[in-house]
Amino acid sequence: MKIVWCLLAIFGFTHSIPIEQNPTDNNGPDEFDENFPEENPGLYEGDIELREGEDPRNRNAITDKSKLWPGAVLPYYISSGYSSSDQASIRAAMHTIEEKTKVNGKTCIHFTPHTNQRQYIRFASGTGCHTPVGMGHSSSTVTLGRGCLRIGTIMHEINHALGSWHEQSRHDRDSYVTIDFSNIQKGREHNFNKYTNIDEEGQHYDYESVMHYSAHAFASDRRKPTIIPKQRGAVIGQRTHLSPIDIKEMQILYGCIPRP
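Residue numbers for the sequence shown, in mature numbering (1 follows the signal peptide of the UniProt record, and there is no 0): -16 to -1, 1 to 244.
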């Protein structure tokens, strides 16, 4: 186990280190569009909450192994404000991650109801979908508001809580997609900055990833895409399932399988 944590410390707890000139959308539109609940004004890349003093430009904020959940166990609490069907959707998303990340029938990532643990994730209703990345010093709120309770969207936010960042911000993304900066909302351009010193757990660019922006993310003209795949027929931004690469990256991140 000590070897695993040492490797995590060396390679980083997430996929990458963002190059970011303006960490949040302070210069972007102030109004929230409920049709695009992952595009929250004032949040980093639309749905990431930076903790106090946290700057993604700082390598320590990305590679700090203390932000990985020990033993890959995530205590959770679901707010009673959710309907029974919404609570069932949240539990289904956690169950899917548990089942899909198993290795030879052995659990890799496990969710357990919160009791007295100091560090846990708390699912709560609010405006939009957003969460901090990785484990915090106390509870981390996974906000799932209106439009956020599809199982794939829930898994997207849980993956952030586990330590994952967005796929299209990889340093090599320009080999796979074209970004139309002319169609990005003014003040939101920085959400499309690339990461450097990237650690993709040895995996190829994943159009299918549940962590990929949609084709029309932050578009000023929603009839036109902001992200155009270079591979013919590639579809991006799905929120229905974990891709095979999503699964493998999480297994590698938490030391359940070796790096390739």
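The beta-carbon is built from N, C-alpha and C at its ideal position, and this holds for glycine as well.
Problem - Boundaries (first-last residue) of the beta strand (DSSP E) holding proline 116 - result: On the sequence shown, position 132 is the one that residue 116 refers to. Note, proline 116: premise wrong, no beta strand (DSSP E); not H, not E.
Handout entry: Contact the segment 89 to 98 vs the segment 125 to 139: 3+ CB pairs below 8 Å
Key = The segment 89 to 98, when compared against the segment 125 to 139, does not touch it at the 8 Å Cβ threshold.
Handout entry: Whether asparagine 143 touches methionine 78 by CB criterion (7 Å)
Key = Counting from one through the sequence shown, the residue named residue 143 turns up at place 159. Counting from one through the sequence shown, the residue named residue 78 turns up at place 94. Contact flag unset, no.
Practice task
Could you check the C-alpha separation between asparagine 6 and arginine 172 for me, to the nearest Å?
Solution key: Within the sequence shown, the letter at position 22 stands for residue 6. Within the sequence shown, the letter at position 188 stands for residue 172. Only weak support exists for where asparagine 6 lies, its pLDDT of 49 falling under 50; the coordinates are left without a value.
Practice task
Please determine, among Gly65, Ala145 and Glu82, the residue with the shortest C-alpha to C-alpha distance to glycine 129.
Solution key: Here residue 129 refers to the residue found at position 145 when the sequence shown is read from its first residue. Comparing Cα-Cα distances from glycine 129 to each of Gly65, Ala145 and Glu82, the minimum goes to Gly65.
Practice task
State the DSSP-derived secondary structure class of isoleucine -7, mapped to helix, strand or coil.
Solution key: In the sequence shown, residue -7 corresponds to position 10, counting from 1. Because the pLDDT of isoleucine -7 is 38, which lies under 50, any placement of that residue in the model is unreliable, and the number read from its coordinates should be weighed accordingly. Shown here, isoleucine -7 sits in a helix according to DSSP, grouped into three states.
Handout entry: Cα-Cα separation, isoleucine 93 to proline 242
Key = For this step, residue 93 is matched to residue 109 along the sequence shown. For this step, residue 242 is matched to residue 258 along the sequence shown. Approximately 15 Å between the Cα atoms of the pair.
Handout entry: Cβ separation of residue 253 and alanine 218, assumed to be a contact under 8 Å, to the nearest whole Å
Key = The chain is shown only over -16 to 244; residue 253 falls outside these bounds and no answer can be derived.
Exercise for the section: Give every residue of the same chain whose Cβ lies closer than 6 Å to the Cβ of cysteine 132, excluding the five residues on either side of it in the sequence, and list them in chain order. Expected result: Here residue 132 refers to the residue found at position 148 when the sequence shown is read from its first residue. So the list reads Pro21 and Cys113, once near-sequence residues are dropped.
Practice task
Give the range of the beta strand (DSSP E) segment to which threonine 85 is assigned.
Solution key: In the sequence shown, counting from the first residue as 1, residue 85 sits at position 101. Unbroken run through threonine 85: none, as it is neither H nor E.
Problem - Closest residue to arginine 35 among Ala56, Lys86 and Thr125 (Cα-Cα distance) - result: Residue numbering aside, residue 35 sits at position 51 when the sequence shown is read from its first letter. Here the closest residue by C-alpha is Thr125.
Exercise for the section: Would you mind listing the beta strand (DSSP E) stretches within the segment 149 to 175 that are 3+ residues and don't spill past its ends, in chain order? Expected result: 161 to 163
Problem - Range covered by the beta strand (DSSP E) that runs through isoleucine 241 - result: Here the question's residue 241 lines up with position 257 in the sequence shown. No residue range can be given for isoleucine 241, since it is assigned to no beta strand (DSSP E) and is classified by DSSP as neither H nor E.
Practice task
Measure the alpha-carbon distance for glutamine 187 versus asparagine 167 and round it to whole angstroms.
Solution key: Numbered from its first residue, the sequence shown carries residue 187 at position 203. Numbered from its first residue, the sequence shown carries residue 167 at position 183. One C-alpha to the other measures close to 30 Å.
Exercise for the section: Scan the segment 198 to 244 and note each continuous alpha helix (DSSP H) run of 4 residues or more that stays entirely inside, going in chain order. Expected result: 228 to 237
Handout entry: Straight-line Cα distance separating lysine 86 from serine 227
Key = The count along the sequence shown starts at 1 and reaches residue 227 at position 243. The count along the sequence shown starts at 1 and reaches residue 86 at position 102. The alpha-carbon atoms of serine 227 and lysine 86 are separated by roughly 14 Å.
Handout entry: Assigned secondary structure, histidine 140 (DSSP; H/G/I helix, E/B strand, else coil)
Key = For the purposes of this step, residue 140 is taken as residue 156 along the sequence shown, with counting starting at 1. Of the three classes helix, strand and coil, the one that applies to histidine 140 here is helix, per DSSP.
Problem - Backbone secondary structure at threonine 127 - three-state DSSP - result: Within the sequence shown, residue 127 is the residue found at index 143, counting from 1. Residue state, collapsed to three classes: strand.
Handout entry: For proline 59, the three-state DSSP class (helix, strand or coil)
Key = Numbered from its first residue, the sequence shown carries residue 59 at position 75. Strand.
Exercise for the section: In the DSSP assignment, find the unbroken beta strand (DSSP E) run with arginine 35 in it and report its ends. Expected result: In the sequence shown, counting from the first residue as 1, residue 35 sits at position 51. Here arginine 35 belongs to no beta strand (DSSP E), and DSSP marks it neither H nor E.
Handout entry: Anticipated Cβ contact below 8 Å, glycine 89 with glutamine 103, distance rounded
Key = Locating residue 89 in the sequence shown gives position 105, where the first residue counts as 1. Locating residue 103 in the sequence shown gives position 119, where the first residue counts as 1. Not quite, the Cβ-Cβ distance comes to about 28 Å (not below 8 Å), so this is no contact.
Exercise for the section: Could you spell out the range, first to last residue, of the beta strand (DSSP E) harbouring arginine 102? Expected result: Position 118 of the sequence shown, counting from 1, holds the residue named residue 102. No beta strand (DSSP E) contains arginine 102, which DSSP labels as neither H nor E.
Exercise for the section: Can you check DSSP and say which residues form a bridge with threonine 91? Expected result: Walking along the sequence shown from the start, residue 91 turns up at place 107. DSSP, once it has assigned bridges, lists no residue as partnering threonine 91.
Handout entry: Residue nearest to proline 59 in terms of C-alpha spacing, selected from Met234, Ser122 and Gln235
Key = Here the question's residue 59 lines up with position 75 in the sequence shown. Among Met234, Ser122 and Gln235, the Cα nearest to that of proline 59 belongs to Ser122.
Problem - isoleucine 212, buried or exposed, once every other Cβ within 10 Å from all chains shown has been counted against 16 - result: Translated into positions along the sequence shown, residue 212 becomes position 228. So isoleucine 212 counts as exposed.
Practice task
Give a yes or no on whether the C-beta atoms belonging to serine 204 and glutamine 169 are separated by under 7 Å.
Solution key: Taking the sequence shown and counting its residues from 1, one reaches residue 204 at position 220. Taking the sequence shown and counting its residues from 1, one reaches residue 169 at position 185. Taking 7 Å as the Cβ cut-off, serine 204 and glutamine 169 qualify as a contacting pair.
Problem - C-alpha gap between isoleucine 74 and aspartate 17, whole angstroms - result: By 1-based counting over the sequence shown, the position of residue 74 is 90. By 1-based counting over the sequence shown, the position of residue 17 is 33. The straight-line gap from Cα to Cα measures roughly 23 Å.
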